[in-house]
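Undergrad:
In mature numbering (1 follows the signal peptide of the UniProt record, and there is no 0), the protein residues as written are -28 to -1, 1 to 775.
1) Given this structure, state the Cα-to-Cα distance separating residue 305 from residue 178, to the nearest angstrom.
2) From the DSSP output, in three-state form, read off residue 413 for me.
3) Under the rule that 16 or more other beta-carbon atoms within 10 Å means buried, what is residue 291, buried or exposed?
4) What number of angstroms, rounded off, separates the C-alpha of residue 552 from the C-alpha of residue 482?
5) By the DSSP assignment, the beta strand (DSSP E) with residue 304 in it spans what residues?
6) Tell me whether residue 727 is buried or exposed, calling it buried when 16 or more other Cβ atoms sit within 10 Å of its Cβ.
7) Look at residue 61 and residue 23 and say whether their C-beta atoms are less than 7 Å apart.
8) Do three or more CB pairs link the stretch 352 to 368 to the stretch 279 to 293 at distances below 8 Å?
9) What are the uninterrupted segments assigned as beta strand (DSSP E) that are 3 or more residues long and contained completely in the stretch 10 to 39, given in chain order?
10) Would you kindly report the start and end of the unbroken beta strand (DSSP E) that includes residue 64?
11) Please name the residue or residues paired with residue 391 in a DSSP beta bridge.
12) What is the DSSP secondary structure of residue 590, counted as helix, strand or coil?
13) Tell me the DSSP secondary structure of residue 204 in three-state form.
14) Going along the chain, which unbroken runs of the beta strand (DSSP E) with 3 or more residues stay wholly within the stretch 687 to 758?
15) In chain order, what residues of the same chain lie with their CB nearer than 6 Å to the CB of residue -7, ignoring the 5 residues before and after it?
16) Beta-carbon within less than 8 Å of residue 53's beta-carbon, same chain only, minus the 5 sequence neighbours each way: which residues are those?
17) Using the DSSP secondary-structure output, state which residues sit across from residue 104 in a beta bridge.
18) Please identify the residue among 37, 695 and 461 whose C-alpha is closest to the C-alpha of residue 244.
19) How about residue 48 and residue 34: do their beta carbons lie closer than 7 Å?
20) Alpha carbon to alpha carbon, what distance is there between residue 576 and residue 463?
21) Just curious, the beta strand (DSSP E) that residue 489 is in, first and last residue?
22) Could you say which of 231, 717 and 249 lies nearest to residue 122 if we only look at CA atoms?
23) Whether or not the stretch 259 to 272 and the stretch 365 to 380 are in contact is what I'm after, with contact meaning three or more pairs of Cβ atoms, one per stretch, closer than 8 Å; do they touch?
24) Rounded to whole angstroms, what is the Cα-Cα separation between residue 451 and residue 149?
25) Out of -3, 487, 258 and 203, which has the shortest C-alpha to C-alpha gap to residue 539?
26) Which of the three DSSP states, helix, strand or coil, is assigned to residue 47?
27) Between the stretch 209 to 217 and the stretch 120 to 135, do at least 3 Cβ pairs fall closer than 8 Å?
28) For residue 271, would you say it is in contact with chain C, using Cβ-to-Cβ distances shorter than 7 Å as the test?
29) For the beta strand (DSSP E) containing residue 534, name the first residue and the last one.
30) Comparing C-alpha positions only, which one of 624, 64, 394 and 138 sits nearest to residue 91?
31) Indicate whether the contact test is met: 3 or more Cβ pairs, each with one atom in the stretch 574 to 588 and one in the stretch 521 to 533, closer than 8 Å.
32) Out of 364, 541, 21 and 315, which has the shortest C-alpha to C-alpha gap to residue 336?
33) When you compare only the Cα positions, how much space is there between residue 649 and residue 286?
34) With DSSP run on the structure shown, which of helix, strand or coil describes residue 127?
35) Would residue 508 and residue 658 be called neighbours here (beta carbons separated by less than 7 Å)?
36) CB residue 579 to CB residue 609, shorter than 7 Å?
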C-alpha cells in the first residue's frame, strides 16, 4: 500500500483550514465558521475546527496549543460525532456554546449544556487552556467551563476529581486511537469508595492504581525530589476530592498529563526552544504497576524474582499457578484470625498501600488511636497513617483482603497487618528456645551427613562426566570425531588466523575449517558442550552454521565448523569503517536470512529449538555475506508436543534477553523473537542496544527507536551509511517490524512465521505496543552511575546468572 503506516500513528497532528485570528471571546451576535479560529489573549491556545492527520474528512471542534509546531490537542467537544465536511459553525446562546452545521443551524452537533441560562452570553478561551461560558458582566462567575469536562489531557490549574455538591466528576478518558478522539478503552478518575484514590481503568477492569495520597504524593509513586518545575496537591473534604498540579517556572502552561490510547499516563514538559514535548515522567513503569498482579495479600517487587511474594503468615492460594508465574489468585492466611483471642499486628515497611475502596478513614486520629479502632473491629485487617509527613497523622483502616501492594523499600509506607496470636513474634520466642535445645544436636549430625553427601556427589559427577564423553563418541550422533593432533596441526597449534576462541584451520585434504575451543575452565561445561553438539549435529539449513565434527581428547572440548571467511555481523555493523561495506540490500538479506534460520529452529526442524542467545556476534557471514546462526551452547530442545516453560538458571546476553526471561526465567520461541527484534534494530541503526548514547535522553537503543517512532522521526534512527542505498518506506517498515518483535509481553509479539510474512509482503502492519526494557536510565553525570533502572542489563557478555 502507498505511504508509510508510520504517518498514521503521529499523534495529534492537525489539519486546520485558513486561520483567522479573532478576539478571545465569542458573543451572542457572532458565528465562528470552519476555517476561523479563536486565540487566547497571550496566544498560548487556539480553538476552532480541526481534523486528525489520519482522518482528514472528520472535523472536530477543539482546543490546541498554538505555539507548538505539531498543534497538540488538549480538548475536543464533539469527540463522538464528527462533522463530515467543513460546514461546522460555533455560536453561543443563552444556554451555552453550540456546535452545529451551517446547512441547518438548528441541528446541534454538540451543546455545552449549561446549568442555567445567561442574559448576555459570552464564550471565552483563557490562557490556561480553559474554555468558559459566562455572562458578559460576570467575569469570574463561570456557568460552564471545559476544565470541568476534560478529554484525555489534564492541564495545570485543573481540578481532577469529584464535587458531591455540584455533581461534577472530572476524569479523563483516552482517545480511541491516535487519529480518533472518540472515547477509548482507558479511563482515569478519582474513586469515591472508601478513601479517595486515583484509579486507571481498562474498560471496566482496574488497570493501574496510583494509590492513596499520603501527604506529599500518591502512595504508588516513588519519592520525588523537588524539581523546580511543578508542585502537586490532593484536596479531600467531606464533599469533594480532587488533585491539582501547578507549574512554577513560568506563567505559560508548559506541562500536561496525558492518558494515551494505549493506556499509558505520562507527564510531558514543553521544550520551549524546540517547541516540542519531552516525556518527563511515566506513571506505569514496570509489571508491578499492573493492578493486582500478585492478587490478594501478595506484594510485588520489581527488583526481585519472582516478582510476587506472599506476606509473612500467608501462602499461595494455588501453589501450582504461582509456580507458573500466575499470581493472580493471591495468598491466604496460614492461621485464621480469632477476634478477641490475642490477635495483634505485624508491621510492613516500605510498601505501596493497598486498594482503599474497602476502607474507612479519619483525618485527625493518631496512629495509636487508629490501632485501637482497628483492634476493636473484628472485620479490620490492617491500618496505617494517612499522612506520612512529620512523624505521621490520620488513620486509614482496611477491611477484607489487601490487594495491589508493591515493595518500595525506603520509598514506601508503613502498613500494620492483623495476624493471629500464633503468628506473632512474641509468641514464637518460647517455641524457638525449646526448638534450639532439640535442634543443635540434630544440626551437628546433619553437617556430618552433608559432608559425606558432597563427597559422594563429587565422585558421582566425575563418573557422570566420563559417561557423557563416552556418549559423545557414540555413532548415534553420526558425527566425525577428530583427533587432537589433527586439529592442532590444522590450526598450527591454535595460532592460525583466529578471533576470540575460534581458530582458522586447514585439514590435510585442503578443507578450511573453524575450530571453537572451549577453555578447560570455561563456564560452558560438558552439559553445554553436549547440548551444542546434539542441537546442531543434525540441523541442515542454509542459514545455520554447519558442524563438521568434534574432538574430546586430552581433556579438550573442540567443535569443528565450516569456515566462514567474513567473521561475525558485529564486526561490521558496529565499526565506523567496516559498516560502509554493508548497504541496505545486504543488511536486509542478513535480516531475512536470520529470520529464516530462526523459523527453521522453531518450526521446521525435527525438534523445536530455542536458541536463547541470538545476537550480532552469533550471526556469522559466509563469503557472499549470507548470515548463518551459530553458538548453540545455550539452546534448549523440545519435542513437538512439549511446551517451553521456565528455568531457574537464566543464561544469555543482557540487552538481548526478553523481560519475561531476564526477570522470571520464562522462555519460549517468543524469547528468540525478542532477541531477533533487538538485532534487527541494531542492524538498521548501526548501534548497540546497550551502551547506546544520545545527547537528548538516556534511553537505550530500543527506547530511542520507540521515541522516534512515536515522534515520526525514524530518519533519526537509520544508519547514514544505508540511506543512499535504501527505500525509506521499506526501511521504516522493517523498523516497525522490529518494534513488533520487542514488545513487552510475549503474547503481543509475532512468531517467526508471521515475521517473515511481514518482511516479504507489503500488507498493513499492526501498531506496536510499548517495548520491553523501555525505561530511561539515570543520568550518569548526576548519579555517578550508568546503571539502568528496572533492568538487568548491566553487563554486555554471555553469562550464567544465579537465580
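Beta carbons: idealized from backbone N, C-alpha and C, even for Gly.
TA: So, from the data block:
1) Whole-angstrom Cα-Cα distance: 25 Å.
2) Helix.
3) Flag for residue 291 reads exposed.
4) So the alpha carbons of these two residues sit roughly 32 Å apart.
5) 303 to 305 is the span of the beta strand (DSSP E), which, as asked, contains residue 304.
6) Burial call: buried.
7) For residue 61 and residue 23, no; Cβs fall outside 7 Å.
8) Of all C-beta pairs linking the stretch 352 to 368 to the stretch 279 to 293, fewer than three are shorter than 8 Å, placing the two stretches out of contact.
9) Runs of the beta strand (DSSP E) spanning 3 or more residues and lying entirely within the stretch 10 to 39 occur at 17 to 22 and 32 to 37, in chain order.
10) Counted as a single uninterrupted DSSP element, the beta strand (DSSP E) harbouring residue 64 occupies residues 60 to 65.
11) Answer is 316, bridged to residue 391.
12) Residue 590 carries a helical assignment under DSSP once its states are collapsed to helix, strand and coil.
13) The answer is strand: DSSP assigns residue 204 an E or B state.
14) Not a single unbroken stretch of the beta strand (DSSP E) spanning 3 or more residues falls wholly within the stretch 687 to 758.
15) Low confidence applies to residue -7: its pLDDT is 45, below 50, so where it sits in the model is not reliable, and the reading given next is rough at best. Result list for residue -7: 10, in chain order.
16) Contacts found: 81 and 82.
17) 96 and 117.
18) It is 37 whose Cα lies nearest to the Cα of residue 244.
19) Yes, these two residues count as a Cβ contact at 7 Å.
20) Each residue's alpha carbon lies about 35 Å from the other.
21) Note, residue 489: beta strand (DSSP E), 484 to 490.
22) For residue 122, the closest alpha carbon among the candidates 231, 717 and 249 is that of 231.
23) With a cut-off of 8 Å, the stretch 259 to 272 and the stretch 365 to 380 count as touching, because enough Cβ pairs lie within range.
24) Computed Cα separation, rounded: 56 Å.
25) Minimum Cα distance to residue 539 is reached at 487.
26) Per DSSP, reduced to three states, the secondary structure at residue 47 is strand.
27) Proximity of the stretch 209 to 217 to the stretch 120 to 135 meets the contact definition, three or more beta-carbon pairs being nearer than 8 Å.
28) Included in the structure is just one protein chain, with no chain C present.
29) Run containing residue 534: 529 to 534, per the beta strand (DSSP E) assignment.
30) The shortest CA-to-CA distance from residue 91 to any of 624, 64, 394 and 138 is the one to 64.
31) Below 8 Å, too few C-beta pairs join the stretch 574 to 588 and the stretch 521 to 533 to call them touching: fewer than three.
32) Among 364, 541, 21 and 315, the Cα nearest to that of residue 336 is on 364.
33) Computed Cα separation, rounded: 40 Å.
34) Three-state result, residue 127: coil.
35) Cβ distance not < 7 Å, so residue 508 and residue 658 don't count as in contact.
36) With a cutoff of 7 Å on beta-carbon distance, residue 579 and residue 609 are scored as near each other.
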